[in-house]
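**Student:** In the numbering used here, the protein residues as written are 158 to 509. Using N, Cα and C, we set each Cβ at its ideal position, and we do this for glycine too.
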DNA sequence: CAGCCGTGGAA
DNA sequence: TTTCCAAGGCT
């Protein structure tokens, strides 16, 4: 005799409870249309989903507003300068997303007449769109019954069925449950309902089970915080590095980092590689120690020492780079690490 | 598959 | 201060 809570007959009941809760409690977000209303512009759905990858709603809002105002259509974005898009993305992190965003926009504009593919497979083939994002766009923008599984959904399902298998090995099992719950009608609302549920009630810590519309069906409720089970994480190594602030005639020397790798494609101060040996500064001269900045990346922590050099006038530098007016440095689109370094450098230079 | 890839807010 | 981690994708 199967557990009645697990019976197939319960699945529509759970789905309907989740949708009804969404109808009454949906978060109003700039890229979202209210429950039951026509789907939003696929361009806005796509842009928001890319920005939201591993990024909080609060952090995305201002970037989404700026991008949609400056580039209202996928064709407009496709026609943008690379440097403008990278600078506009500065501070949001995971900069490969910005490079893939442009590549994707150009494929859609040039090869698909400005129309996004409407099914998972077609979306999945575009740069920057993986399994989650393809399903989310198909469901939210095109009404396809694609099972959508992000971190929120993984947590909700792992608790609902008390899945003991650790992530990421449990993903196929979790996905099967999501697929079984995803309705043919309103799949987009269902996906967003599940993510809202995970973000506002079925939270990683201190979940609000008393407010949950499916608490009665939840097999993990008594130990909700123990799900999903995850493999333990490794400690982050601490690296040291050095960056060089070269100032001349009210401008600072900036480079552009290689397209691939850490902070790829972004403007930056010249620096060593932060691996081991410090390396030589790009110029000989009377360098000053200006200060240290600390920064945490995904897989290591960095203490970056900043050295400064003030020159009478701009030298003929053999290195590739550009001189950027210091009073307009905010427009350079430096990633956060180098914004910290620039701030420390300017403070240090004032005291030399 | 596992490592790489940012950032800032919350507890 | 430390830890966790948020609408993942790429290699």
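Residue 393 and residue 458 look like a contact to me (Cβ under 8 Å); what is the Cβ gap, rounded to whole Å?
**Tutor:** The sequence position of residue 393 within the first chain is 236, counting from 1. The sequence position of residue 458 within the first chain is 301, counting from 1. Indeed they touch by this definition, with Cβ atoms about 5 Å apart.
**Student:** Which residue marks the beginning of the beta strand (DSSP E) containing residue 460, and which one marks its end?
**Tutor:** The residue you call residue 460 lines up with position 303 of the first chain. 458 to 468 is the span of the beta strand (DSSP E), which, as asked, contains residue 460.
**Student:** Measure from the alpha carbon of residue 223 to the alpha carbon of each residue in 188, 195 and 192, then state which is nearest.
**Tutor:** Here residue 223 refers to the residue found at position 66 when the first chain is read from its first residue. Among 188, 195 and 192, the Cα nearest to that of residue 223 belongs to 188.
**Student:** Please return the same chain residues whose Cβ sits closer than 6 Å to the Cβ of residue 180, not counting the five positions on each side in sequence.
**Tutor:** Position 23 of the first chain, counted from the first residue, corresponds to residue 180. Cβ neighbours of residue 180 beyond the five flanking positions: 192.
**Student:** Using CA coordinates, which residue listed in 253, 385 and 404 is at the minimum distance from residue 463?
**Tutor:** Looking up residue 463 in the first chain gives position 306. Ranking 253, 385 and 404 by Cα distance to residue 463 puts 404 first.
**Student:** Give every residue of the same chain whose Cβ lies closer than 8 Å to the Cβ of residue 260, excluding the five residues on either side of it in the sequence, and list them in chain order.
**Tutor:** Counting from 1 along the first chain, the entry for residue 260 is found at position 103. Closer than 8 Å at Cβ, skipping near neighbours: 284 and 285.
**Student:** Cutting at 8 Å between CB atoms, please list the residues of its own chain near residue 408, excluding the five before and the five after it.
**Tutor:** By 1-based counting over the first chain, the position of residue 408 is 251. Cβ within range, chain order: 471, 480, 481, 482 and 483.
**Student:** If the criterion is Cβ atoms closer than 7 Å, does the pair residue 288 and residue 280 meet it?
**Tutor:** If you number the first chain from 1, residue 288 lands on position 131. If you number the first chain from 1, residue 280 lands on position 123. Against a cut-off of 7 Å, the Cβ pair of residue 280 and residue 288 comes out as no contact.
**Student:** Using DSSP bridges, identify the partner residues of residue 448.
**Tutor:** Here the question's residue 448 lines up with position 291 in the first chain. According to DSSP, which records beta bridges pairwise, residue 448 is partnered with 463.
**Student:** So is residue 453 buried or exposed if we call it buried at 16+ other beta carbons inside 10 Å?
**Tutor:** Numbered from its first residue, the first chain carries residue 453 at position 296. By the neighbour-count rule (16 or more Cβ atoms within 10 Å), residue 453 is not buried but exposed.
**Student:** Mind checking residue 490: buried by the 16 CB within 10 Å criterion, or exposed?
**Tutor:** Against the first chain, residue 490 aligns to sequence position 333. Buried: at least 16 other Cβ atoms inside 10 Å.
**Student:** Can you tell me whether residue 395 is helix, strand or coil according to DSSP?
**Tutor:** Here residue 395 refers to the residue found at position 238 when the first chain is read from its first residue. DSSP places residue 395 in strand when its eight states are reduced to three.
**Student:** Tell me whether the beta-carbon of residue 419 lies closer than 7 Å to the beta-carbon of residue 442.
**Tutor:** Within the first chain, numbered from 1, the residue matching residue 419 stands at position 262. Within the first chain, numbered from 1, the residue matching residue 442 stands at position 285. No. Outside cutoff.
**Student:** Based on the DSSP secondary-structure assignment, which residues constitute the bridge partners of residue 403?
**Tutor:** The sequence position of residue 403 within the first chain is 246, counting from 1. In the DSSP output, where bridge partners are listed per residue, residue 403 has 466.
**Student:** Identify whether residue 337 lies in helix, strand or coil by the three-state DSSP scheme.
**Tutor:** As a first step, residue 337 is located in the first chain; it is residue number 180 there, counting from the start. Helix, per DSSP.
**Student:** Looking at C-alpha atoms only, which residue of 447, 347 and 390 is the closest neighbour of residue 400?
**Tutor:** The count along the first chain starts at 1 and reaches residue 400 at position 243. Residue 400 has its Cα closest to that of 447, out of 447, 347 and 390.
**Student:** So the alpha helix (DSSP H) residue 203 belongs to, where does it begin and stop?
**Tutor:** Residue numbering aside, residue 203 sits at position 46 when the first chain is read from its first letter. Note, residue 203: alpha helix (DSSP H), 199 to 208.
**Student:** Tell me whether the beta-carbon of residue 450 lies closer than 7 Å to the beta-carbon of residue 501.
**Tutor:** As a first step, residue 450 is located in the first chain; it is residue number 293 there, counting from the start. As a first step, residue 501 is located in the first chain; it is residue number 344 there, counting from the start. Cβ distance < 7 Å, so residue 450 and residue 501 count as in contact.
**Student:** When burial is assigned at 16 or more other CB atoms within 10 Å of the CB, is residue 384 buried or exposed?
**Tutor:** Taking the first residue of the first chain as position 1, residue 384 is located at position 227. The residue in question, residue 384, is buried, as its Cβ has 16 or more Cβ neighbours within 10 Å.
**Student:** Output needed for residue 291: all residues of its chain with C-beta closer than 7 Å, excluding positions within five of it in sequence on either side, in chain order.
**Tutor:** Within the first chain, numbered from 1, the residue matching residue 291 stands at position 134. So the qualifying residues of the chain are 277, 280 and 281.
**Student:** Please report the straight-line C-alpha distance between residue 331 and residue 211, rounded to a whole angstrom.
**Tutor:** Translated into the one-based positions of the first chain, residue 331 becomes position 174. Translated into the one-based positions of the first chain, residue 211 becomes position 54. If I take the Cα positions, the gap works out to 19 Å.
**Student:** Mapping the DSSP letters down to three states, classify residue 323 as helix, strand or coil.
**Tutor:** As a working mapping, residue 323 is identified with position 166 in the first chain. DSSP places residue 323 in coil when its eight states are reduced to three.
**Student:** Please go through the same chain and pick out, in chain order, the residues whose beta-carbon is closer than 7 Å to the beta-carbon of residue 160, but skip the five residues on each side of it.
**Tutor:** To locate residue 160, count along the first chain from 1; it is residue 3. Reliability fails at residue 160, whose pLDDT of 42 lies under 50, so the model's placement of it is uncertain and no value is given.
**Student:** From which residue to which residue does the beta strand (DSSP E) around residue 409 run?
**Tutor:** Taking the first chain and counting its residues from 1, the one referred to as residue 409 is at position 252. It spans 408 to 413 - the beta strand (DSSP E) in which residue 409 sits, taken as one unbroken run.
**Student:** Given a cut-off of 7 Å, decide if residue 200 and residue 231 are closer than it, judged by their beta-carbon atoms.
**Tutor:** The residue you call residue 231 lines up with position 74 of the first chain. The residue you call residue 200 lines up with position 43 of the first chain. Against a cut-off of 7 Å, the Cβ pair of residue 200 and residue 231 comes out as a contact.
**Student:** Grab me the residues of residue 506's own chain with a C-beta within less than 8 Å of its C-beta, minus the 5 sequence neighbours each way, in chain order.
**Tutor:** For the purposes of this step, residue 506 is taken as residue 349 along the first chain, with counting starting at 1. Answer for residue 506: 402, 404, 445, 447, 465 and 467, listed in chain order.
**Student:** Can you name the residues that DSSP bridges to residue 425?
**Tutor:** Within the first chain, residue 425 is the residue found at index 268, counting from 1. Bridge partners of residue 425: 412.
**Student:** Does DSSP put residue 490 in a helix, a strand or coil?
**Tutor:** Within the first chain, numbered from 1, the residue matching residue 490 stands at position 333. Reduced to three states, the DSSP call for residue 490 is coil.
**Student:** Among residues of its own chain, excluding the 5 on either side of residue 362, which ones have a beta-carbon nearer than 7 Å to its beta-carbon?
**Tutor:** Here residue 362 is taken as the residue at index 205 of the first chain, counted from 1. Result list for residue 362: 382, in chain order.
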